[in-house]
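Student:
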Amino acid sequence: MSHRLDDRRARVAAALPLHDALLVVGAGGPVPLPEGSDQTYPFRAHAEYFYLTGEETIGGVLAFDPRDGPVAGWVSFVPQVTESERYWEGRTQRAGTPIERLTDWLSARAGRNIVNLGAPWRDLSSDAAAVGRVREALTQARRSKDGAELALIRRAVAATAAGYARLREELRPGVSERRLQIELEAEFFRHGATRTGYGTIVGSGPNSAVLHVEPSARAVRDGDFVLVDAGAEIDRYMADVTRTYVAGTPADFQRDLYQVVLGAQERAIQRCRAGAEWKEIHLQTAVDLVAGLVALGVMRGNPTALVEREAHALFFPHGLGHMVGLGVRDASGLHPGRTRDPRPSLRSLRMDLPLAAGQVVTVEPGLYFIPELLREPGRRERFHDCVHWERVDALIGLGGVRIEDNVLVTDGAPDVLTAGIPKGL
Ligand code: GLY
Ligand code: MN
Ligand code: MN
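Taking this note's numbering, I'd label the letters of the sequence shown as residues 33 to 457.
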């Protein structure tokens, strides 16, 4: 066991409200594809297990007894790898205590409450409220990254930057979204990526307004927006970056829209300081975006009042961002003790917490002309006085702009980890 993991576990042990309960964290197992083809979805150990072990052990279980101490109390149970697993899959035996001994470990502690995190291991009849409290504390403990995590994120960012540089060379009218994806991802892998962090998004023209669009065979046309949202992953840690370009020469309105998003994004990044409330940064950014749309003759009214009426969600229907690192949403969510804000426009806000040094967040405002939202009669009625609808109708089909960077919150100025990936149309 490395000192780094010992330190991490001791810190987590001190942070968890286990009282006298036992903690059992399961890695989980591979999920078979439904058609019975002997294939499984790629295995990824549950992030809670990976965080505490640094291992992708199929069927592994990490157990902790607080009575045995913050370092000695942790025991890693691992399954015995079978002969067929060795020669079909190349699995190797992981170090640890044989999993068969977990039952004895639990029996020796009979009568104690058990909190089962990660992928639940068997039916350990946990108290759901206790599980919720301990998970909340573990999530909070995972939020500020340690040095080893930051080093991996920085490597993932470097591979991501190489991919974007390659894609930029390839981008021209006539190239397909798929081709751009292939060039981008191949460069990630050439620069050390072990996977992509999530499904790469490449949307051209109207597809740039589909928030999580999959790249298609569509050939990019002259004057199209091309929105690319992708990140390399290295040893489970990833980047999550979006850039929007125009193939060929941008129109004036495209430049103006881009500047509105870029300006709002840069102001949002500067607000990412320890102690700042994420929801406030999101809402301030919404005001900045709406002010830009008012200046462009798309919306009308007072920007702050328009955001209070939630009119911004017509064009900015997602949250400002989330945590990133060990997973594309990493340890996002609510600060301990908070409940979700019920406002509809905050439904996709991935976190509600005060920022703290060491956290890595995405800052990803966007403005889109989404036909499903803008043609819906109920919204047009509700927001009839907030929008120049005839202008908007002419813009449907243009797509959208999103710009996303990964920002390390520090005790001082924000550190933009992805600053080396050029912005600009
Ligand atoms: N890549 C998905 C997102 O930006 O959250
Ligand atoms: Mn993204
Ligand atoms: Mn993101």
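Heads up, the beta-carbon is just placed ideally off N, CA and C, and yes, glycines get one too.
1. Whole angstroms are fine: how far does the CA of V392 sit from the CA of E413?
2. Using only CA atoms, which one of P454, L352, S377 and V330 lies nearest to D417?
3. Can you give, in chain order, each stretch of the alpha helix (DSSP H) that sits fully within the region 384–451 and has at least 4 residues?
4. Report yes if the C-beta distance between V56 and I131 is below 9 Å; otherwise report no.
5. Out of P397, N438, R370 and L457, state which residue places its alpha-carbon closest to the alpha-carbon of R187.
6. So, do the region 312–328 and the region 340–348 have three or more beta carbon pairs nearer to each other than 8 Å?
7. Just checking H354 against ligand 3 - is the residue's beta carbon closer than 8 Å to any of the ligand's heavy atoms?
8. Closest by CA to I428, which one among Q286, Y81 and I90?
9. For ligand 3, is there a heavy atom less than 8 Å away from the beta-carbon of V360?
10. Taking contact to mean 3 or more Cβ pairs, one atom from each stretch, closer than 8 Å, check whether the region 292–306 and the region 239–254 are in contact.
11. What are the complete alpha helix (DSSP H) segments, minimum 4 residues, inside the region 252–340?
12. For V207, which beta-bridge partners are listed by DSSP?
13. Ignoring anything shorter than 4 residues or poking outside the region 106–135, list the alpha helix (DSSP H) runs there in chain order.
14. Which residues in the same chain as T450 place their Cβ atom closer than 6 Å to its Cβ, once the five residues preceding and following it in sequence are excluded?
15. DSSP three-state call for G101: helix, strand or coil?
16. With a CB to CB cut of under 7 Å and the five nearest residues on each side skipped, what residues in its chain are close to G14?
17. Can you tell me whether E436 sits near ligand 2, meaning its C-beta is under 8 Å from at least one heavy atom of the ligand?
18. Taking its Cβ as the centre, do 16 or more other Cβ atoms sit within 10 Å of P111, making it buried, or is it exposed?
19. What do you get for E312, buried or exposed, if any count of 16 or more other CB atoms within 10 angstroms of its CB means buried?
20. With a threshold of 8 Å (Cβ to nearest heavy atom), would T394 be considered close to ligand 3?
21. Below 8 Å on the Cβ atoms is my contact criterion, and I expect A306 with L387 to pass it. Report the Cβ-Cβ distance as a whole number of Å.
22. Kindly list the residues whose CB is nearer than 7 Å to the CB of R268, restricted to its own chain and excluding five residues on each side of it in sequence; keep chain order.
23. Between the region 249–267 and the region 227–240, do at least 3 Cβ pairs fall closer than 8 Å?
24. Please report the straight-line C-alpha distance between L378 and W310, rounded to a whole angstrom.
25. Three-state secondary structure (DSSP) at T72?
26. Taking only heavy atoms of ligand 1 into account, decide whether any of them is closer than 8 Å to the Cβ of I233.
27. Terminal residues of the continuous beta strand (DSSP E) containing F96?
28. Can V273 be considered in contact with ligand 2, in the sense that its beta carbon sits closer than 8 Å to one or more heavy atoms?
29. How big is the Cα-Cα spacing for C304 and A363?
30. Taking the beta carbon of Q125 as the centre, do at least 16 other beta carbons fall within 10 Å, making it buried, or is it exposed?
31. Considering Cα atoms alone, identify which of T276, E181, A127 and R174 is closest to L199.
32. Going by beta-carbon coordinates alone, are A262 and T228 separated by less than 9 Å?
33. Rounded to the nearest angstrom, what separates G101 and G61 at their Cα positions?
34. Using 8 Å for Cβ pairs, my map puts D284 next to P205. What's the rounded Cβ distance?
35. For a test of your reading of the model: does the CB of D261 fall under 8 Å from any non-hydrogen atom of ligand 3? Yes or no.
36. Figure out for me which residue from S108, P403 and E121 has the closest Cα to the Cα of P74.
Tutor: On the basis of the supplied data:
1. 40 Å
2. V330
3. 403–406, 409–414 and 421–427
4. no
5. N438
6. yes
7. yes
8. Q286
9. yes
10. no
11. 284–302, 310–327 and 335–340
12. Its beta-bridge partners do not exist; DSSP assigns none.
13. 115–121
14. V189, V273, D437 and N438
15. coil
16. Because the chain is modelled from 33 through 457, residue 14 falls outside the range shown and cannot be assessed.
17. yes
18. buried
19. exposed
20. yes
21. 6 Å
22. F82 and L358
23. yes
24. 12 Å
25. strand
26. yes
27. V93 to F96
28. yes
29. 17 Å
30. exposed
31. T276
32. yes
33. 29 Å
34. Going by Cβ atoms, the distance from D284 to P205 rounds to 19 Å, so no, they are not a contact pair.
35. yes
36. E121
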